[in-house]
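Q:
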Amino acid sequence: IITDIASQGGDSGGPLYFDDGTNNELRLIGMVFGGSSSGGTSASCRIREVMKILGVTPSTNEFLKTTNLSNNKIRIDGLQFDYQGKLEIPSLYKGRVVTEINSNAFSNQKSLREVVIPSTGTTIANAALMNCINLENVTFGAYSGLYDINSYAFQQCFNLKSIVLSNAIHNVSAGILAY
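FYI, the numbering for the sequence shown is 3 to 181, going by our numbering.
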């Protein structure tokens, strides 16, 4: 179901929403600019441009850079674009179990405020979130299998307020919070 808010209120433009009908949530998919006298639209723009202007981050099936590992596992190597706000890393991505966050995977993400690592994650590599200067919270999924947090994982995360860890961690390398 596509909803053009502009056509409902006589406005000359506005957001274009999608409702898949399953949970009563509207999702912004575009912006409409102007309209014809018959109620149609005369111009529109790309959703990535709209998301950037509004300060929100789209979550698509291709938002992560990855490497396939053996045994149906996958490593997260980075993001396809600058991420804003809260990043919830899925436990399954492209049909594979997310187990690792690679070195520098999310480093220098200046607008990242919170990261949720899935319970399937076992390793956070060196400098994985280094220099995320606005990162405030890092949480690991319930019943986390996280085993290793490597050196400088959260280096120069000056605004970090909390890291909620699990009991499963066996190795926390020196300098994970180095400034």
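Ideal placement from N, C-alpha and C gives every residue a C-beta, glycine not left out.
#1: Residue range of the beta strand (DSSP E) that E116 falls in?
#2: Please list, in chain order, all residues of the same chain as L167 whose beta carbon is under 7 Å from its beta carbon, the five residues on each side excluded.
#3: In this structure, does DSSP put E64 in helix, strand or coil?
#4: Please state whether the Cβ-Cβ distance between V140 and P120 is less than 7 Å.
#5: Within 10 angstroms of its Cβ, does G123 collect 16 or more other Cβ (buried), or is it exposed?
#6: Within 10 angstroms of the Cβ of A176, are there 16 or more other Cβ atoms? Answer buried if so, exposed if not.
#7: Could you tell me if Q82 is buried or exposed, where buried requires 16 or more neighbouring beta carbons within 10 angstroms of its beta carbon?
#8: Please report the straight-line C-alpha distance between F160 and A130, rounded to a whole angstrom.
#9: Restricting to runs no shorter than 3 residues, where is the beta strand (DSSP E) found entirely within the region 81-152?
#10: Please work out which residues of its chain come closer than 7 Å, Cβ to Cβ, to D263, disregarding the five sequence neighbours upstream and downstream, and give them in chain order.
#11: Which residues in the same chain have their Cβ closer than 6 Å to the Cβ of I171, if we skip the five residues on either side of it in sequence?
#12: Within a Cβ cutoff of 6 Å, which residues of the same chain sit near L71, ignoring the five residues on either side of it in sequence?
#13: On the three-state DSSP scale, how would you describe G41?
#14: Tell me which same chain residues have a C-beta within less than 8 Å of the C-beta of E116, skipping the five on either side of it?
#15: For L114, count neighbouring C-beta atoms within 10 Å of its own C-beta (all shown protein chains included) and say buried if the count is 16 or more, exposed if not.
#16: In the DSSP assignment, find the unbroken beta strand (DSSP E) run with S164 in it and report its ends.
#17: Applying the criterion that 16 or more other CB atoms from any shown protein chain within 10 Å of the CB defines a buried residue, is A183 buried or exposed?
A: Short version:
#1: For E116, the enclosing beta strand (DSSP E) stretches over residues 114-119.
#2: F142.
#3: It is coil, neither helix nor strand.
#4: No, they are not a contact pair.
#5: Taking a 10 Å sphere around the C-beta of G123, we find 16 or more other C-beta atoms and assign the residue as buried.
#6: Classification for A176: exposed.
#7: Under this definition Q82 is an exposed residue.
#8: Rounded to whole angstroms, F160 to A130 spans 15 Å at the Cα level.
#9: Annotation: the region 81-152 contains the following complete segments of the beta strand (DSSP E) (minimum length 3 residues), in chain order: 87-90, 98-103, 114-119, 139-142.
#10: Here the chain comprises residues numbered 3 to 181, so residue 263 is not present and cannot be evaluated.
#11: The residues are L148.
#12: Result list for L71: R77, in chain order.
#13: The pLDDT assigned to G41 is 49, lower than 50, so where the model puts this residue is not dependable, and the model offers no usable value.
#14: Here the set comprises G87, K88, L89, L137, E138, N139, V140, T141.
#15: Answer is buried; the Cβ neighbour count reaches 16.
#16: Note, S164: beta strand (DSSP E), 164-166.
#17: Nothing about residue 183 can be read from this structure; the chain reaches only from 3 to 181.
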